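Residue numbers (UniProt numbering): 1 to 660.
Reviewing the structure listed below.
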């Protein structure tokens, strides 16, 4: 194959090989995982219309280097000196896909920008425009060049204007700073191998079927025939270091094929041989093989996560222990507040269910998910999330998607899966910004490696979705046991710290009233403000609580008794709460009726007291008497979240003369 070295125009903004290889800044994910995620996403995006299945086979093996070395003009001698017998390779072959379609001869940049062939082989960072696709062209593919020595061979067969055409081209990306590079004369570290056009300026792919067959035979790879179209990516001269780039050796870390199998299940179990996915989304199922061995979800953790995905996707679960909650954004989210932003399915699991005990003795679920390096505790909370392509974006470990604090026992792990309402229309504000639906927004928030959702500037859809998802899970596991309070901490404590922790003295105060206290007293006022004491807080059931109080009212005063949230550091009014929480979580209590004053409190003759409910968070008691008055009473409170403790406070003002 003929060589073309990428020109180095000092006045252009062209990237060199070093900057391209560093563009995929994901140092936390194994290189094999990055490659599997990228290659499967490219194949799924290229699936032909109306195909029931997308077929992808990963193959690994060894090839005779002398048969391949001679095909690379300019570096054949270097390859022969370094690899003179056998070397390993990795190939990814898809079927039922369109192949790398598009023009590669045009002089028009606009035409080439629409060419999948041009974008994958020559383009860097070109955005995908197809709805439901995986992100960007180019940046993710750098994993291909980092697994081997920098050489990648692209073979594809396409149907163009009724004619089938085979194309094969090779590319090199290496750092020009590398002293051991293959092509020292390349100032940018970028080159291609193919066949020059007539004028000798542009490099085109090989299209001669016989020449292509000769190269594919080196790797025992068949050509596409008949009505087959698709793409095969071949990475020769693999670096063995990538089969173990973690600190702890696991059974699948010592072999390329086993690492690939694990990565496929880890990131694509939502779509892998999943009928529910194709029925609900309308896309093809993913069928994967590794060295022609069909992949199934044998591991309990992946079977469980596929069940959770299906439950969140369909809104129902056949498993009684899996719970499904719809998530809504109260304002400025979807086009209508009644349209859900997505659904969360979650459950508890045990060591036995995960087959960690004899006779199976499987590793921890965190090992299978690639999370054990961050936390090895079994009582962890793991929430996965994915959009339309069916790839897990991330496993969020004890993060913003789940409640903080201990909501389960040490013998249980919380697993959850959030699936967005991809087809849901967004608020008009976001439509005007170019996001037609939730899927298009979430696609825009992903990095080149598709490993996270990060809100665009000035938008909080993802942030609020995380908060409300954590809140739904939190409220499900909250338990009230008589007068005791749940020990679970707030879903927002990760952000706001100890301010939302239950008060230190909570649950220790007696609910008994002082029998020596008289209910009504008239005496000379020495007090400058009214005073209120909480006598008891009694939970009627999980939804209602009655707070009993005593209050000393100033003469001729209007007294506002306000409902507060009792926290470890301070008491918070509804106004403070709304400001502090930024409307993410509503105020957890509401006064449901006027306060009840005990009969003895009003037994004295000519006692002039007015009582009425002011709003959902306060009541008013007017003391129209010229003397101080002490009363006892109670208010009934509706509980919307039993994570917090209610309390009352009183403020007083002098009554105007016309009100007395």
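Here a beta-carbon is modelled for each residue, glycine too, at the ideal position from N, C-alpha and C.
Keep in mind it's a predicted model, so treat the numbers as computed, not measured.
- Could you spell out where the beta strand (DSSP E) holding residue 343 opens and where it closes? 342-349 is the span of the beta strand (DSSP E), which, as asked, contains residue 343.
- Message: To the nearest angstrom, how far is the alpha carbon of residue 442 from that of residue 41?
- Response: If I take the Cα positions, the gap works out to 16 Å.
- Query: Under a Cβ-count criterion, where at least 16 other Cβ atoms within 10 Å of its own Cβ denotes burial, should residue 422 be classed as buried or exposed?
  - Reply: Counting the other Cβ atoms within 10 Å of the Cβ of residue 422 gives 16 or more, which makes it buried.
- Message: Tell me the DSSP secondary structure of residue 277 in three-state form.
- Response: Helix at residue 277.
- Answer yes if the stretch 50-69 comes into contact with the stretch 164-180, meaning at least three C-beta pairs across the two stretches below 8 Å, and no otherwise. Output reads no: the stretch 50-69 does not touch the stretch 164-180.
- Message: If we require 4 or more residues per run, which alpha helix (DSSP H) segments fall completely within the stretch 328-407?
- Response: Counting whole runs of 4 or more residues, the stretch 328-407 contains the alpha helix (DSSP H) stretches 365-368.
- Anyone know if the C-beta pair for residue 400 and residue 466 falls short of 9 Å? Yes, Cβ-Cβ distance for residue 400 and residue 466 is below 9 Å.
- Query: My guess is that residue 21 and residue 191 are in contact by the Cβ rule of under 8 Å, so how many angstroms apart are they, rounded?
  - Reply: Residue 191 and residue 21 do not touch by the CB rule: their CB atoms are close to 14 Å apart, not below 8 Å.
- Boundaries (first-last residue) of the beta strand (DSSP E) holding residue 413: Taken as a continuous stretch (DSSP letters only), the beta strand (DSSP E) holding residue 413 covers 413-420.
- Task: Can you give me the Cβ contacts of residue 70 inside the same chain, cut-off strictly under 7 Å, excluding the 5 residues immediately before and after it?
- Result: Close CB contacts of residue 70 within its chain, under the 7 Å cut and outside five residues either way in sequence, are with 76 (chain order).
- Query: With 16 other CB atoms within 10 Å as the buried threshold, where does residue 249 fall?
  - Reply: Per the 10 Å Cβ criterion, exposed.
- Query: Rounded to a whole number of angstroms, what is the C-alpha to C-alpha distance between residue 651 and residue 618?
  - Reply: Between the C-alpha atoms of residue 651 and residue 618 there is a straight-line separation of about 11 Å.
- Since residue 577 sits in a beta bridge, which residues does DSSP pair it with? As DSSP reads the structure, residue 577 sits in no beta bridge.
- So, helix, strand or coil for residue 551, using DSSP? In the three-state reduction of the DSSP assignment, residue 551 falls in the strand class, which pools E and B.
- Task: For the beta strand (DSSP E) holding residue 122, just list the boundary residues, first then last.
- Result: Per DSSP, residue 122 is not a residue of any beta strand (DSSP E), being assigned neither H nor E.
- Going along the chain, which unbroken runs of the beta strand (DSSP E) with 3 or more residues stay wholly within the stretch 192-240? Segments of the beta strand (DSSP E) lying fully in the stretch 192-240: 230-236.
- Query: What runs of the alpha helix (DSSP H), each 4 residues or longer, lie entirely inside the stretch 629-654?
  - Reply: As far as the stretch 629-654 is concerned, it has no whole alpha helix (DSSP H) run of at least 4 residues.
- Message: So, under 8 Å CB-CB, residue 390 and residue 266 are touching, yes? Tell me the CB distance rounded to an integer number of Å.
- Response: Not quite, the Cβ-Cβ distance comes to about 13 Å (not below 8 Å), so this is no contact.
- Rounded to whole angstroms, what's the CA-CA distance from residue 154 to residue 394? Just pull it up for me. So the alpha carbons of these two residues sit roughly 29 Å apart.
- Query: Pairing CB atoms from the stretch 400-413 with CB atoms from the stretch 424-437, are three or more of them under 8 Å?
  - Reply: Contact fails between the stretch 400-413 and the stretch 424-437, because fewer than three Cβ pairs, one in each stretch, are under 8 Å apart.
- Smallest Cα separation from residue 347: which of 6, 357, 360 and 472? Residue 472 is the option with its Cα nearest to residue 347.
- Query: Any chance the stretch 606-616 sits against the stretch 587-596, with 3 or more Cβ pairs inside 8 Å?
  - Reply: Yes: at least three Cβ pairs fall under 8 Å.
- Message: Quick check on the burial criterion: 16 or more other C-beta atoms within 10 angstroms. Buried or exposed for residue 119?
- Response: Classification of residue 119: buried, given that the 10 Å Cβ count is 16 or more.
- Message: From the DSSP secondary-structure annotation, give me the bridge partner or partners of residue 453.
- Response: For residue 453, which the question treats as bridged, DSSP gives the partners 446.
- In the DSSP assignment, what residue or residues form a beta bridge with residue 572? According to DSSP, which records beta bridges pairwise, residue 572 is partnered with 565.
- Check whether residue 149 and residue 112 have beta carbons under 9 Å apart: By the CB criterion at 9 Å, residue 149 and residue 112 fall outside the cutoff.
- Query: Just the Cα atoms here: how many angstroms apart are residue 573 and residue 586?
  - Reply: The straight-line gap from Cα to Cα measures roughly 12 Å.
- Item | Validate contact between the stretch 98-116 and the stretch 158-166 using beta carbons, cut 8 Å, 3 pairs | Three or more beta-carbon pairs drawn from the stretch 98-116 and the stretch 158-166 are found closer than 8 Å, and the two stretches are therefore classed as touching.
- Name, in chain order, the residues that DSSP records as bridge partners for residue 558. Answer is 622 and 653.
- Query: Quick one: what's got a C-beta closer than 7 Å to residue 530's C-beta in the same chain, skipping five residues either side?
  - Reply: Apart from sequence neighbours up to five positions away, the residues of its chain that approach residue 530 with a beta-carbon distance below 7 Å are 551, 552, 553, 554, 557, 559, 650 and 652, ordered along the chain.
- If you draw a straight line from the alpha carbon of residue 645 to that of residue 301, how long is it in whole angstroms? Those two C-alpha atoms are separated by around 37 Å.
- Where does residue 467 fall in DSSP's three states? Secondary structure at residue 467: helix, using DSSP grouped into helix, strand and coil.
- When 37, 469, 193 and 186 are compared against residue 152, the one with the closest alpha-carbon: Ranking 37, 469, 193 and 186 by Cα distance to residue 152 puts 193 first.
- Message: According to DSSP, is residue 107 part of a helix, a strand, or is it coil?
- Response: Residue 107 sits in coil when the DSSP states are folded into three classes, being neither helix nor strand.
- Message: Spatial neighbours of residue 336 within its chain, please: C-beta separation below 6 Å, excluding the five flanking residues on both sides.
- Response: For residue 336, where only same-chain residues beyond five positions count, there are no Cβ hits under 6 Å.
- Message: Suppose you measure from the CA of residue 295 to the CA of residue 428; what does that come to, to the nearest Å?
- Response: So the alpha carbons of these two residues sit roughly 44 Å apart.
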